[in-house]
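Trainee: Start counting the sequence shown at 1; every next residue gets the next number (UniProt numbering).
Heads up, the beta-carbon is just placed ideally off N, CA and C, and yes, glycines get one too.
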Amino acid sequence: MHIQSLGATASSLNQEPVETPSQAAHKSASLRQEPSGQGLGVALKSTPGILSGKLPESVSDVRFSSPQGQGESRTLTDSAGPRQITLRQFENGVTELQLSRPPLTSLVLSGGGAKGAAYPGAMLALEEKGMLDGIRSMSGSSAGGITAALLASGMSPAAFKTLSDKMDLISLLDSSNKKLKLFQHISSEIGASLKKGLGNKIGGFSELLLNVLPRIDSRAEPLERLLRDETRKAVLGQIATHPEVARQP
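#1: With a threshold of 8 Å, are at least 3 pairs of Cβ atoms found where one atom belongs to the segment 125-139 and the other to the segment 177-188?
#2: Using 8 Å as the Cβ pair cut-off and three pairs as the minimum, do the segment 214-223 and the segment 234-247 touch?
#3: Can you find at least 3 beta carbon pairs, one from the segment 104-120 and one from the segment 73-80, that sit closer than 8 Å?
#4: Cβ atoms of L76 and Q84: under 8 Å apart, would you say?
#5: Cutting at 6 Å between CB atoms, please list the residues of its own chain near S100, excluding the five before and the five after it.
#6: Within the chosen definition, does the segment 195-206 reach the segment 228-241 through at least 3 CB pairs nearer than 8 Å?
#7: DSSP on T231, reduced to helix/strand/coil?
#8: Ends of the alpha helix (DSSP H) at Q184?
#9: Rounded C-beta distance between L223 and L173? I'm assuming under 8 Å.
#10: Could you give the distance in angstroms between the alpha-carbon of D168 and the alpha-carbon of L87?
#11: I think M138 touches E230, with their Cβ atoms under 8 Å apart; what is that distance to the nearest whole Å?
#12: Please report the residue range of the beta strand (DSSP E) in which A80 lies.
#13: Is the beta carbon of G197 less than 8 Å from the beta carbon of E207?
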């Protein structure tokens, strides 16, 4: 089986001087055949691009540049469609494409305790900039999943920030078992005392361990209950504000 490539082959590149972009633009392309199984070096050297500078000794030193438009240009399409597509063709045959970025329609929020603390303010800032208007889907993990669930249900960023400021995440990880829950609370109180006695550096780390370790296998039932209640209220609030939504299938 053979593959066809436009441009210079490896042998011709080794024997012929490298052309400048202006020379390459006016020279007619020749059609060559190379055996299938050609090496990476041959594949790169036969790519229909322009090799800048002298021929490199290794493939890692290869640098390609796109042909640049030269001479006068004529506009083929000007700001067409939602992406504002503009096409310009130059005298040397190069066609330039310009288009705007696609609209943001999806929001994916990663997990992490520090990010969870930053999300309420970040979402509020995005809303103020009008960047949440086109969002059609939200998803995330851990703290990002909590944020996505509440916002996707219709809760406003301002209401989400108010809820987050009042939320005690550690208590939302408490066990439903009364004895285990009591042990978790005692552990948290010991951690708070250590933080006061040992300072923020060592005491803060001790408090973190005593808060997290007793809840490491928590099913987070209080957190699930909070999310269920808040998302339900947000959805019902959206239906009350937009009754036409309730009539949609």
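Mentor: Working from what's here:
#1: Note that the segment 125-139 does not touch the segment 177-188; fewer than 3 beta-carbon pairs, one per stretch, sit closer than 8 Å.
#2: Contact annotation: the segment 214-223 does not touch the segment 234-247, with fewer than three C-beta pairs closer than 8 Å.
#3: Under the Cβ criterion (8 Å, minimum of three pairs), the segment 104-120 does not count as touching the segment 73-80.
#4: No, these two residues do not count as a Cβ contact at 8 Å.
#5: Hits under 6 Å: R83 and Q84.
#6: Contact between the segment 195-206 and the segment 228-241 is absent: fewer than 3 CB-CB pairs across the two stretches fall below 8 Å.
#7: Note: T231 maps to helix in three-state DSSP.
#8: It spans K178 to L198 - the alpha helix (DSSP H) in which Q184 sits, taken as one unbroken run.
#9: 7 Å between Cβ atoms; contact.
#10: Distance between D168 and L87, taken at the CA atoms: about 55 Å.
#11: Not really, about 15 Å apart at Cβ, beyond 8 Å.
#12: Counting along the chain, the unbroken beta strand (DSSP E) around A80 starts and ends at S73 to A80.
#13: Contact: no.
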